[in-house]
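Chains U and R supply the protein sequences, listed in that same order. Numbering of the first sequence is given in the numbering used here, commencing with residue 46 and proceeding in unit increments. Numbering of the second sequence is given in the numbering used here, commencing with residue 51 and proceeding in unit increments.
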Amino acid sequence: MALELSEPRPLGKPIRRKEDARLIRGQGRYLDDIVLPGMLHLALVRSPYAHARIRRIDVQRAAALPGVHLVLTGQDLAAAGLAWMPTLAGDRQMVLAVDKVLFQYQEVAAVVAESRALAEDAAALVEVDYEPLPAVVDPYRALEPGSPILREDRDPPSNRIFHWEAGDRAATEAALARSAVVVRETVRMPRVHPAPLEPCGCIADYQRATGRLTWYVTSQAPHAHRTVLAMVAGIPEHKIRVVSPDVGGGFGNKVPVFPGYVAAIVAAMRLNRPVKWVETRTENLTSTNFARDYHMTVEIGADADGKVTALKVSTIADHGAFDAAADPTRFPAGLFSIVTGSYDFPVAFAEVDGVYTNKAPGGVAYRCSFRVTEASFLIERAMQSLALRLGMDPVALRLKNFIPPEKFPYHSPLGWTYDSGNYRATLERAMERIGYAALRQEQAERRARGELMGIGVSTFTEIVGAGPSHTFDILGIKMFDSCELRVHPTGKVLARLGTRHQGQGHETTFAQVIAEELGLTADDVLVEEGDTDTAPYGLGTYASRSTPTAGAAAAVAARRVRDKARRIAAHLLEVAEDDVEWDGTRFHPAGTPARGVTMAEVALAAYTNPPPGMEPGLEGTVYYDPPNLTFPNGAYLCVVDIDKGTSQVHVRRFVAVDDCGTVINPMVVEGQIHGGLTEGFAIAFLQEIAFDEQGNCLAPNFMEYLVPTAVETPQWETDRTVTPSPHHPIGAKGVGESPNVGSPAAFVNAVIDALAPLGVTHLDIPLYPWKIWEVLHERGVAE
Amino acid sequence: MEIAVTVNGQLRRADVEPRTLLVYLLRETFGLTGTHVGCDTTHCGACTVLLDEVPVKSCTVLAVQADGSSVMTVEGLETDGRLHPLQSAFSDHHGLQCGYCTPGMLMAAWALLRETPHPQPAEIRRALSGNLCRCTGYQNIVEAVADAAQRMAQEVG
Ligand code: FES
Ligand code: FES
């Protein structure tokens with residue numbers, strides 16, 4: 046149960062969320078709730094083909110429909126130099142197609158009309174004459190010689206976007222050659238979609254007289270969007286105001302800039318009227334930013350006792366028609382090099398080749414710090430395969446190979462410095478919670494009766510909080526984040542940050558951090574995000590970076606304010622500054638706790654009676670450049686039973702023990718974990734954005750793309766260990782993504798563990814019932 | 051077409067196109083934006099409202115079908131400045147994150163509790179199975195609904 050906002054010393058307590066008051070009353074203000082005077086609506090015409098030449102576009106009938114104000118095509122945009130836009134990954138993407146379409150549902154024309162319905166009507170009247178071309182759907186085929194080149198605009202023409210590698214190839218291959226055991230597995234993480242419940246959208250409001258553009262947009266990164274916009278549209282950056290209102294979930298989907306956004310802005314500038322574009326769910330699933338699509342081959346070596354010796358990974362990354370990922374500049378494969386996980390590998394090597402195919406663009410970090418989910422899934426699956434080959438208990442194999450606590454800070458063979466962790470303690474907590482030994486006993490008995498029960502283990506390490514400026518930037522902008530704090534004369538606080546929450550609860554959790562530092566309550570601190578005119582510059586909320594970066598900025602800004610407050614307190618208490626002590630809620634002279642002043646009293650003095658010579662006011666602004674990333678981790682255990690009659694997998698129990706360092710609000714953390722586990726469950730069992738050979742999207746809506754309901758979703762059991770980050774001001778690490786990163790392997794490992802007696806060592810996700818059905822029938826055990 | 055609908059206890063009239071969906075009547079004509087749209091195939095339930103006390107997906111009801119009926123939306127849950135027990139329980143149990151599914155969840159839960167004042171967790175899950183949430187994993191929502199049921203029983207008792 047939530048504690049009230051008036052709770053003193055709020056850090057670490059389950060404080061009621063401030064956001065709730067408006068959201069439970071239906072008074073949230075999401076993008077589509079905003080209506081501006083004179084607003085028009087935009088609808089897009091999309092390609093039915095995955096690959097085709099555009100012979101002709103006829104917009105006459107659409108343009109003639111009463112109530113239609115504008116029809117835009119790629120040619121129109123090309124005339125203004127806006128046919129293409131840069132992606133955050135350093136590629137470029139067509140806004141509206143010119144000459145050629147490269148994926149089904151690609152944006153071909155835009156229609157602006159008095160109402161949304163009318164815009165859709167008119168869009169249906171736009172006639173496009175296509176000449177279909179052979180589609181390249183399989184990413185392996187895309188790399189074969191003779192495969193059609195998709196991106197003729199690239200020089201040299203090639204379907205290979207990038208080759209990236211990390212580690213020591215020769216040493217790794219040598220170590221594998223010397224290893225007593227080497228297990229090789231091909232593991233696919235299929236294309237999925239973040240699918241936040243609120244689709245993406247924007248309203249562009251341009252005032253020709255002043256040249257000012259106010260852009261309301263479902264954005265996880267408003268400042269980055271402002272800068273991209275200044276670059277794309279050539280509008281001076283100070284004349285752009287980006288407002289990200291309440292956001293109905295993001296999960297990475299709302300980081301990039303989409304063609305519909307640019308079309309709406311161009312239309313607003315041409316028409317001098319506000320233009321709204323909101324995508325449908327179908328448009329969301331088919332065109333705005335899928336995730337994963339990683340095709341990975343792993344070789345893991347070990348000595349005969351199960352001590353790991355080497356890890357080698359080769360990956361084909363299907364990015365679709367444009368590389369519209371939002372990875373930091375130097376990391377085209379994101380932070381995939383976390384792939385050695387929680388284990389002490391002496392050597393490792395990883396390589397990734399990014400590939401163009403005739404599919405929707407993307408490669409976004411879906412509830413994941415840039416390809417960390419893929420990496421964790423791979424290493425945790427590989428550990429399962431290795432345990433099977435060695436005939437070892439998967440828990441025993443992990444305990445044998447964990448990076449021991451005394452090795453932190455730990456330098457991984459792929460170049461990271463892990464900040465802290467106590468993997469054994471975390472796993473042991475999980476084993477205790479679930480009753481591991483008893484479950485193995487039960488499993489042996491059930492197996493003897495021919496029943497299929499499995500126990501899955503995943504002991505992952507994440508890497509979040511991008512990131513330190515020496516390594517991390519997006520389009521050249523360093524990945525710091527920021528907080529600007531103002532303490533008003535009555536001791537109430539306004540805090541503005543460069544991040545933008547989408548359900549994570551920043552209005553409450555950051556208020557807790559600041560209140561704790563200033564001896565106030567969360568109620569005393571108003572947190573604002575999402576308006577670039579008022580918030581300090583920041584890179585936004587994704588990749589679990591908010592707490593490690595903006596959360597750190599908030600703590601440091603509050604400490605700066607407290608330092609000044611201490612000097613004012615000394616003046617009020619008439620003692621030397623060194624003689625002032627802070628007890629968490631009051632300043633008092635050392636040794637005289639009875640005679641103290643509160644932050645509110647100090648704040649008043651800052652404006653009414655500052656010490657002689659001191660600048661009035663009580664404010665602090667911090668741009669926090671994290672010295673390192675943070676490395677949250679966890680131990681997840683999953684128990685499944687497989688019905689030999691129906692092939693249904695029943696998740697009987699799931700215990701998640703997370704270590705995200707210092708916990709700001711345990712209720713919010715638990716909520717994040719429940720949500721992430723549910724998305725991980727979906728990825729393991731239900732979801733794939735698949736394509737047929739012509740490149741037709743086979744999961745374009747919630748009928749085919751399955752989001753788990755309350756009925757399928759298992760009951761979650763959560764717990765934690767706390768190993769603070771040594772370099773974060775309050776020791777917090779970030780948690781939003783851990784459950785999504787760590788859980789898919791736990792589910793799959795449980796299913797494989799159940800099927801292992803039948804000789805099954807691997808199945809590709811999603812583990813649809815028909816895949817299990819096939820196995821049970823092939824092995825003759827179906828009932 | 052002219053229609054008259056009682057919305058949250060107030061009679062309201064509108065002139066709508068025959069194809070107008072109830073959800074747009076509520077959101078755009080009446081300005082009740084608490085009811086959301088999350089899909090185009092009747093799967094997500096973000097648009098759930100009560101039509102003559104029955105939960106419906108208002109994206110799949112024509113506005114003209116509501117003519118002469120009464121509709122209750124999330125905005126109608128709070129009475130005389132008092133939150134409905136479901137609303138407080140959702141906040142107490144952290145049953146919402148981004149809040150986009152919340153109005154629909156509240157309305158579906160309201161309908162459940164009217165029919166089944168003391169639901170078991172499995173019944174709650176089944177009753178909410180037409181409402182998707184991408185954030186919470188449902189567990190806290192189920193707890194919130196169970197707790198609200200208890201509070202309502204106490205209020206009546
Ligand atoms: S909007 Fe999704 S069911 Fe109505
Ligand atoms: S709280 Fe975000 S969809 Fe339910």
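Built from N, CA and C at the ideal position, the CB exists for glycine as well. Here the structure is a predicted model, which means the values were calculated and not measured.
Helix, strand or coil at Asn678/U according to DSSP, with G and I counted as helix:
Asn678/U falls in the strand class under three-state DSSP.
7 Å is my cut-off, CB to CB: does Pro267/U come that close to chain R?
Not a single C-beta of chain R is nearer than 7 Å to the C-beta of Pro267/U.
Proximity test, Cβ basis, 7 Å: Val99/R and chain U
Chain U contact via Cβ: absent.
Inter-residue spacing [alpha-carbon to alpha-carbon] between Cys148/R and Ser141/R:
If you take the alpha carbons of Cys148/R and Ser141/R, they lie about 12 Å apart.
Counting only the same chain and skipping the five closest in sequence on each side, list residues whose C-beta sits under 8 Å from that of Ala97/U.
If we look at Ala97/U and ignore the five residues flanking it on each side, its Cβ neighbours are Lys145, Val146, Tyr175, Glu176, Pro177 and Leu178.
For chain U, find out if any of its Cβ atoms is closer than 7 Å to the Cβ of Glu165/R; answer yes or no.
So no, Glu165/R is outside the interface.
Just checking Cys245/U against ligand 2 - is the residue's beta carbon closer than 6 Å to any of the ligand's heavy atoms?
No - ligand 2 has no heavy atom lying nearer than 6 Å to the Cβ of Cys245/U.
For Gly180/R versus Gly95/R, is the C-beta spacing smaller than 7 Å?
Annotated as proximal: Gly180/R and Gly95/R, with beta-carbon spacing under 7 Å.
Does the beta carbon of His551/U come closer than 7 Å to any beta carbon on chain R?
By this cut-off, His551/U is not an interface position.
Taking Val57/R as part of the alpha helix (DSSP H), name the residues at either end of that continuous run.
No alpha helix (DSSP H) contains Val57/R, which is instead part of the beta strand (DSSP E) from Glu52 to Val57.
Quick check on the DSSP output: what are the complete beta strand (DSSP E) runs of length 3 or more inside the segment 690 to 727 of chain U, in order along the chain?
Runs found: 694 to 704.
Backbone secondary structure at Pro656/U - three-state DSSP
In the displayed model, Pro656/U falls within coil according to three-state DSSP, outside both helix and strand.
Leaving out five residues before and five after Val343/U in sequence, what residues of the same chain have Cβ atoms less than 6 Å from its Cβ?
Cβ-Cβ distances below 6 Å link Val343/U to Glu230, Val358, Leu423 and Ala427 in the same chain, with the five nearest sequence neighbours on each side left out; the list follows chain order.
Does any heavy atom of ligand 1 sit closer than 6 Å to the C-beta of Val323/U?
The answer is no for Val323/U.
Taking the straight line between their C-alpha atoms, what separation do you get for Ala410/U and Val300/U?
Ala410/U and Val300/U: Cα-Cα distance of roughly 9 Å.
Quick check: what's the CA-CA separation for Met155/R versus Gly187/R?
If you take the alpha carbons of Met155/R and Gly187/R, they lie about 13 Å apart.
Quick check: is any heavy atom of ligand 2 less than 6 Å from the C-beta of Ala416/U?
In the sequence as displayed, the identity of residue 416/U is Arg instead of Ala. For ligand 2, no non-hydrogen atom lies closer than 6 Å to the CB of Arg416/U.
Span of the alpha helix (DSSP H) around Gly305/U
Taken as a continuous stretch (DSSP letters only), the alpha helix (DSSP H) holding Gly305/U covers Pro304 to Leu316.
What I want to know is whether the C-beta of Val104/R ends up closer than 6 Å to one or more non-hydrogen atoms of ligand 1.
Because no heavy atom of ligand 1 lies under 6 Å away, the Cβ of Val104/R does not count as near it: no.
Below 8 Å CB to CB, which residues in the same chain sit around Val400/U once its five sequence neighbours on both sides are set aside?
If we look at Val400/U and ignore the five residues flanking it on each side, its Cβ neighbours are Pro184, Ala187, Leu188, Asn204, Arg205, Ile206, Ile361, Ala362, Asp363 and His364.
Alpha helix (DSSP H) segment containing Leu85/U, residue limits
Here Leu85/U belongs to no alpha helix (DSSP H); instead the beta strand (DSSP E) covers Leu85 to Arg91.
Check this for me: beta carbons of Ala701/U and Phe792/U, under 7 Å apart or not?
Going by C-beta atoms, Ala701/U is not nearer than 7 Å to Phe792/U.
Looking only at its chain, what residues have a beta carbon closer than 7 Å to the beta carbon of Thr768/U, apart from the 5 residues adjacent to it on each side?
Within the same chain, Thr768/U has close Cβ partners Ser465, Gly466, Asn467, Asp704 and Gly706.
Flag this pair as touching only if the segment 675 to 694 of chain U and the segment 635 to 652 of chain U have three or more C-beta atom pairs under 8 Å; answer yes or no.
Here the segment 675 to 694 of chain U makes no contact with the segment 635 to 652 of chain U; the two share fewer than three CB pairs at distances below 8 Å.
For the alpha helix (DSSP H) that Glu173/R lies in, which residues bound it at each end?
Element bounds for Glu173/R: Pro171 to Ala177.
What residue does the alpha helix (DSSP H) around Gln200/R start on, and which one ends it?
Here the alpha helix (DSSP H) through Gln200/R covers Gln189 to Val206.
Against chain R, which members of the segment 481 to 500 of chain U pass a CB distance test of less than 8 Å?
In summary, no residue of the segment 481 to 500 of chain U has a CB separated from any CB of chain R by less than 8 Å.
Would Thr110/R be called buried (16 or more neighbouring beta carbons within 10 Å of its own) or exposed?
By the neighbour-count rule (16 or more Cβ atoms within 10 Å), Thr110/R is not buried but exposed.
Could you pull the start and end residues of the alpha helix (DSSP H) that Ser138/R belongs to?
For Ser138/R, the enclosing alpha helix (DSSP H) starts and ends at Pro135 to Asp142.
Extent of the continuous alpha helix (DSSP H) to which Ile797/U belongs
First-last of the alpha helix (DSSP H) with Ile797/U: Ser783 to Leu800.
For Phe335/U and chain R, any beta-carbon pair shorter than 7 Å?
It does not; no Cβ of chain R falls within 7 Å.
So, are the CB atoms of Val73/R and Arg62/R less than 7 Å apart?
At least 7 Å separates the beta-carbon of Val73/R from that of Arg62/R.
Among all the DSSP beta bridges, which residues are the ones paired with Gln252/U?
DSSP, once it has assigned bridges, lists Arg257/U as partnering Gln252/U.
Using 8 Å as the Cβ pair cut-off and three pairs as the minimum, do the segment 651 to 663 of chain U and the segment 496 to 507 of chain U touch?
Short answer: they don't touch.
Quick one: complete alpha helix (DSSP H) runs, 4+ long, within the segment 289 to 374 of chain U?
With a minimum length of 4 residues, the continuous alpha helix (DSSP H) runs that stay inside the segment 289 to 374 of chain U are 304 to 316 and 326 to 332.
Residues of chain U with CB under 9 Å from Glu125/R, in chain order?
The answer, in chain order, is Arg70, Gly71 and Gln72.
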